[in-house]
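Protein chains in written order, with UniProt numbering: chain A, 1 to 239; chain B, 1 to 244.
Written out as structure tokens, the structure reads:
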């Protein structure tokens, strides 16, 4: 009982593992997408002029980055019913992933917003842009460009983080693997199959990330020309 | 068992703090293992022998490409099958440390490649061998770049140790699960645990900022260590004309 190739191939091509891998993929995409939205709001909150907003955003980031996601998932799972909310396991899992990842995204986005040279914001002010216009038209477009590589890495770790929702028995790759092991009593093959799937997913994502970063790299961009100034901006200050 | 230990009751229980201590030392030992692996694997990536470079690259790709929890569970169930019977705490440290080693390899590699190649050239011109160059010229400069990320990794590790609850090591999370099992109000127990984790990571964060400020100010580099380093280094180098 060391290694059974037939079992390995059978499990590798089984619909059970394929469906579980698909769950891992869509959980990753949905959770990361929602987390970017949440993180964006919190990042702006951390840079807000209102002190309570800054304090609340900071508190959220401090708590969610300072505790393990497993504990957060279990608090949500056990805690929400205690205050009268009964989410499905999938809802609790998604909520847990999004709240956790949102805190990390907020810190990354904030750093990228702060890294835009001060002169950019000053120039916007001189042109008569309001605070919100400066953020939307000047700071965000530049910050997002430098934020993309970091986001790619976050997606890569999210692929693996989704494995933790198996603790709430969401049927993603790891939960399915553990079920398979307890059915067959053959951990070697099942873990190998799961590893192959995870490596395939994250290696594929690495390729996508590489291609995306190449495209968004301003220093390499050739061919298709873009207007130097966005349309909204070019109207401002026109005589 | 008390059906309602409550938040404060849980927070002040001795077993919770015993478990917190397990979490702390487990994290430190696993992080040290990761650091040692990183310090070995990163230079391999720059080796002149292609197979050594492949080993290092494959190691990083493999262990960064799958979830840590999966790796821990796999070590736990596969090791006995191949005849290796380790105590469960060792399996936990191995699982955490080997995974961390892959991340540390990338960090050390980044730091090594940030040290200007002119530094190596200069050391070689002065007659230092490859080992002396690494020990006295490249590593001290790379170490400054490693300290920051290493501190962050340590902070992650405090939280990541919660994964070994799955293989039955009684650290903070496992202790909490056991305590929560018999209450009908588990939320308070989990919140107490979250507070302990938050305390650990916050204290570490404060410590880390303190160390980083000292390193940034160059204070860590002054003192007996540096004087000694200079003296030993000057013994290694033959400076032409210095005897005149």
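Virtual Cβ for every residue (Gly too), placed ideally from N, Cα, C. Values in this document were obtained by computation on a predicted structure and should not be read as measured data.
Coil, strand or helix - residue i by DSSP
| i | result |
| --- | --- |
| residue 185(A) | coil |
| residue 1(B) | Residue confidence for residue 1(B) is low, a pLDDT of 48 falling below 50, so the modelled location carries little weight; the figure read from the coordinates is stated next. Of the three classes helix, strand and coil, the one that applies to residue 1(B) here is coil, per DSSP. |
| residue 62(B) | helix |
| residue 169(A) | coil |
| residue 182(B) | coil |
| residue 114(B) | helix |
| residue 19(A) | helix |
| residue 85(B) | coil |
| residue 204(B) | helix |
| residue 107(B) | helix |
| residue 178(A) | helix |
| residue 144(A) | helix |
| residue 79(B) | coil |
| residue 11(B) | helix |
| residue 117(A) | coil |
| residue 160(B) | helix |
| residue 217(A) | coil |
| residue 4(A) | coil |
| residue 127(A) | coil |
| residue 13(A) | coil |
Residue of the options minimising C-alpha distance to residue i
| i | options | result |
| --- | --- | --- |
| residue 94(A) | 184(A), 55(A), 74(A) | 74(A) |
| residue 198(A) | 130(A), 210(A), 116(A), 155(A) | 155(A) |
| residue 66(B) | 118(B), 10(B), 99(B), 212(B) | 99(B) |
| residue 180(A) | 12(A), 2(A), 5(A) | 12(A) |
| residue 101(A) | 87(A), 171(A), 128(A), 34(A) | 34(A) |
| residue 130(B) | 69(B), 47(B), 193(B) | 47(B) |
| residue 68(B) | 165(B), 185(B), 203(B) | 165(B) |
| residue 39(A) | 158(A), 103(A), 201(A) | 103(A) |
Rounded C-alpha distance that separates residue i from residue j
| i | j | result |
| --- | --- | --- |
| residue 139(A) | residue 145(A) | 10 Å |
| residue 210(B) | residue 147(B) | 12 Å |
| residue 111(B) | residue 144(B) | 8 Å |
| residue 16(A) | residue 193(A) | 12 Å |
| residue 92(A) | residue 76(A) | 7 Å |
| residue 217(A) | residue 207(A) | 15 Å |
| residue 10(B) | residue 174(A) | 31 Å |
| residue 1(B) | residue 22(A) | At residue 1(B) the pLDDT is 48, less than 50, meaning the model places this residue with poor confidence; the figure from the coordinates comes in the next sentence. Distance between the alpha carbons of residue 1(B) and residue 22(A): 43 Å. |
| residue 195(B) | residue 149(B) | 24 Å |
| residue 182(A) | residue 2(A) | 17 Å |
| residue 244(B) | residue 142(B) | The predicted position of residue 244(B) is uncertain, since its pLDDT is 47 and thus under 50; a value taken from the coordinates is nonetheless stated next. Between residue 244(B) and residue 142(B), the C-alpha separation is close to 35 Å. |
| residue 13(B) | residue 198(B) | 17 Å |
| residue 183(B) | residue 215(A) | 55 Å |
| residue 25(B) | residue 121(A) | 47 Å |
| residue 104(B) | residue 205(B) | 19 Å |
| residue 148(A) | residue 116(A) | 14 Å |
| residue 19(A) | residue 205(A) | 18 Å |
| residue 213(B) | residue 53(A) | 28 Å |
| residue 209(A) | residue 152(A) | 6 Å |
| residue 114(B) | residue 45(B) | 15 Å |
| residue 18(B) | residue 83(A) | 30 Å |
| residue 63(B) | residue 102(B) | 6 Å |
| residue 208(B) | residue 186(A) | 44 Å |
| residue 108(B) | residue 95(B) | 20 Å |
| residue 31(A) | residue 118(A) | 33 Å |
| residue 4(A) | residue 45(A) | 55 Å |
| residue 123(A) | residue 132(A) | 14 Å |
| residue 29(B) | residue 133(B) | 29 Å |
Near the ligand ATP: residue i beta-carbon under 6 Å from a heavy atom
| i | result |
| --- | --- |
| residue 13(A) | Inclusion of the ligand ATP in the displayed structure is not the case, the ligand content being empty and no account of it being possible. |
Worksheet item: So does the segment 26-46 of chain B actually touch the segment 165-178 of chain A, counting three or more Cβ pairs closer than 8 Å?
Response: no
Item to complete: May I ask you to verify whether the segment 99-118 of chain A touches the segment 53-70 of chain A, counting CB pairs closer than 8 Å and requiring at least 3?
Response: yes
Practice prompt. Decide yes or no for the touch test of the segment 119-126 of chain B against the segment 178-192 of chain B: beta carbon pairs closer than 8 Å, at least 3 of them.
Written response: no
Worksheet entry | At least three beta-carbon pairs within less than 8 Å, the segment 44-63 of chain B to the segment 72-85 of chain B | no
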